[in-house]
Amino acid sequence: MAMEAEAAREARAKVIAAEGEMRASHSLKEASDVISTSPAALQLRYLQTLNNICDEKNSTVIFPLPVEFLTPLLIPSLRGHQETVQMAEYLHKAEDKY
1 MAMEAEAARE ARAKVIAAEG EMRASHSLKE ASDVISTSPA ALQLRYLQTL
51 NNICDEKNST VIFPLPVEFL TPLLIPSLRG HQETVQMAEY LHKAEDKY
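full-length UniProt numbering numbers the first residue of the sequence shown as 1 and each following residue consecutively.
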């Protein structure tokens, strides 16, 4: 009898957990629908996530930076610097691949 009661409690707990997952997935879908309408909102959410990760003192964050952000930084130094010119050409080719 005790084993049946324990099994019934575990079954109810699994059902409750599944219902919670279903509600959470619906909420996430609604949030993604809202965020997808605004690139700025998506960027802010991304930065908020990075901030949350950084709250942990022992975490390492790899911050992906699009190549097109680097090109304007290189333009002032293009004058007379062959290595920089080669790097800019390399970045431009890499940009075309993706």
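The C-beta atom is built at its ideal place from N, Cα and C for all residues, glycine as well. Only a predicted model underlies this, so the values are computations on that prediction, with no experimental measurement involved.
- Go ahead and pull the three-state DSSP assignment for D33. helix
- Run of the alpha helix (DSSP H) containing I53, from where it starts to where it stops: P39 to C54
- Message: Once DSSP output is grouped into helix, strand and coil, what is the label at I16?
- Response: helix
- Message: If contacts are defined as beta-carbon pairs under 8 Å, then V61 and L47 qualify, I think. What distance do you get, rounded to the angstrom?
- Response: No, V61 and L47 are not in contact; Cβ-Cβ is about 11 Å, not under 8 Å.
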